[in-house]
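Chemist: Protein chains in written order, with the numbering used here: chain X, 49 to 364; chain G, 351 to 448.
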Ligand SMILES: [Fe+2]
Ligand SMILES: [Fe+2]
């Protein structure tokens, strides 16, 4: 295997399903695409802690509270795995956080919607984590080694996230009429944004070409979205939830569910900052990043003091 | 290992042994200002579900890696040295347990 420094031999390695490691040659476009995608993914994990964190103190039981805490802690961990993977490409964590704060880097649109009541925590775990899993399972085979390894680790932890959400929905659907209505209402609000998580249709997604050629992306947006729909319909039906799409129907010819039109206008409005929570999410992150400044400073000062003391020891 | 450029601390590589008797395997990395913080962060980040019974942390800057450009020289499969493989040897018919 010759590791020539040109795009042609790089593509040959990709075509042979070889993984790319941090110190290998890679085209600048490949590096840039990965930094954008992985940092956006990392920011999503971290920002995604907010809508759920909002419910820790109001969880309906100690059991529910422990589960939610563990779930949110996992998401923080996922953010860390992904920041680490991005750092191997030569971007620092500080730069990534700056880009998040300046708005240059995005995070998943889904977290710009509010978690209004406890049923939303069920819907988020079941649908949002459920959609994320479909995407992440596919990304386990992504061509960049550190990203692929982070995805494998994340997927191991995710299935509990989806199950805890579905369990909440099951419980509510077995409860009072009011609880059932809450569950259905959460379903109605989260279904379409969850479908939008997979991104624009293949016919109009601008970044797909290179990402597929370089095997960063292994399956198309529409393929992944379809997988999610096909899996989820049965789970909804089993507990009596109605999918809020009057055009949804089984297509026996192709063995998939057909679905109605996605409102992309809403998607682009939310992405461009007009979602219900965009401002709140970013401001929250900035505020706590700033409030933690003294901790980082103190830890660094402590380290410097220790280094000085050790040097002193060595020279005397 | 002295990262003074930003406020995100030094990077430490994390190795986890899943149970006694097995090797420590690279799990990822964490940011920390010292050994103690590195072990603590590695514990919180990589072993929340009984993934390990032992953790090693090593400052990333202290890891020396081989150069991918020298792969050919370093990892030449040595096809001319087939005698390193047990299948190279011709044994008499009927030899058992060898
Ligand atoms: Fe996650
Ligand atoms: Fe999750």
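Cβ atoms here follow ideal geometry from the backbone N, Cα and C, with glycine treated the same way.
It should be emphasised that the depicted structure is a prediction, and the values quoted were computed from it without experimental measurement.
Check this for me: beta carbons of residue 379/G and residue 142/X, under 8 Å apart or not?
Modeler: No, the Cβ-Cβ distance between residue 379/G and residue 142/X is not below 8 Å.
Chemist: Please state if the CB of residue 210/X and the CB of residue 173/X are separated by a distance shorter than 8 Å.
Modeler: A contact, by the Cβ cut-off of 8 Å.
Chemist: Mapping the DSSP letters down to three states, classify residue 262/X as helix, strand or coil.
Modeler: Coil at residue 262/X, not helix or strand.
Chemist: Would you mind listing the alpha helix (DSSP H) stretches within the region 180 to 239 of chain X that are 4+ residues and don't spill past its ends, in chain order?
Modeler: Here the runs fully enclosed are 193 to 221.
Chemist: Are the Cβ atoms of residue 86/X and residue 130/X separated by less than 8 Å?
Modeler: Closer than 8 Å, so yes.
Chemist: Do we get a CB-CB distance below 8 Å when we pair residue 129/X with the residues of chain G?
Modeler: Chain G, which has a Cβ nearer than 8 Å to the Cβ of residue 129/X, makes this yes.
Chemist: Check the C-beta distance from residue 15/X over to residue 350/X and give it rounded, since I have them as a contact under 8 Å.
Modeler: Any question about residue 15/X goes unanswered here, given that chain X covers just 49 to 364.
Chemist: Going by DSSP, which residues form a beta bridge with residue 363/G?
Modeler: Per DSSP, 379/G and 408/G.
Chemist: Return yes when the C-beta of residue 126/X is under 7 Å from any heavy atom of ligand 1, and no when it is not.
Modeler: At least one heavy atom of ligand 1 is nearer than 7 Å to the Cβ of residue 126/X, so yes.
Chemist: Leaving out five residues before and five after residue 189/X in sequence, what residues of the same chain have Cβ atoms less than 6 Å from its Cβ?
Modeler: Correct list, in chain order: 266.
Chemist: Under the rule that 16 or more other beta-carbon atoms within 10 Å means buried, what is residue 229/X, buried or exposed?
Modeler: Exposed, because fewer than 16 other Cβ atoms sit within 10 Å of the Cβ of residue 229/X.
Chemist: Using only the alpha-carbon positions, how far apart do residue 215/X and residue 170/X sit?
Modeler: Rounded to whole angstroms, residue 215/X to residue 170/X spans 7 Å at the Cα level.
Chemist: Distance, Cα to Cα, residue 62/X vs residue 187/X?
Modeler: Roughly 15 Å separates the two Cα atoms.
Chemist: Would you please state the rounded distance, in angstroms, between the beta carbons of residue 212/X and residue 145/X? I believe it to be under 8 Å.
Modeler: Not confirmed; about 29 Å, so no contact.
Chemist: What's the C-alpha gap between residue 232/X and residue 289/X?
Modeler: Roughly 6 Å separates the two Cα atoms.
Chemist: Is the region 343 to 363 of chain X in contact with the region 366 to 377 of chain G, if contact means three or more CB pairs nearer than 8 Å?
Modeler: No, they do not touch.
Chemist: Any chance the CB of residue 179/X is under 7 Å from a heavy atom of ligand 2?
Modeler: Because no heavy atom of ligand 2 lies under 7 Å away, the Cβ of residue 179/X does not count as near it: no.
Chemist: Threshold first: 3 residues or longer. Then list the beta strand (DSSP E) segments lying entirely within the region 266 to 332 of chain X, N to C.
Modeler: Entirely contained in the region 266 to 332 of chain X, the beta strand (DSSP E) runs reaching 3 residues are, in chain order, 297 to 299 and 304 to 306.
Chemist: Any idea what DSSP makes of residue 65/X, helix, strand or coil?
Modeler: Three-state result, residue 65/X: coil.
Chemist: The alpha helix (DSSP H) spanning residue 43/X covers which residue range?
Modeler: Because chain X spans 49 through 364 in this model, residue 43/X falls outside it and cannot be assessed.
Chemist: Alpha carbon to alpha carbon, how far is residue 414/G from residue 439/G?
Modeler: Using only the alpha carbons, I get a separation of about 38 Å.
Chemist: Just how far apart, CA to CA, sit residue 283/X and residue 175/X?
Modeler: Between residue 283/X and residue 175/X, the C-alpha separation is close to 11 Å.
Chemist: Comparing the CB of residue 215/X with every heavy atom of ligand 2, is any distance shorter than 7 Å?
Modeler: Not under cutoff, so the answer is no.
Chemist: How big is the Cα-Cα spacing for residue 308/X and residue 242/X?
Modeler: Looking at the two C-alpha atoms, the distance is approximately 14 Å.
Chemist: Can you find a CB in chain G that lies within less than 8 Å of the CB of residue 140/X?
Modeler: True, the Cβ-Cβ gap to chain G drops below 8 Å.
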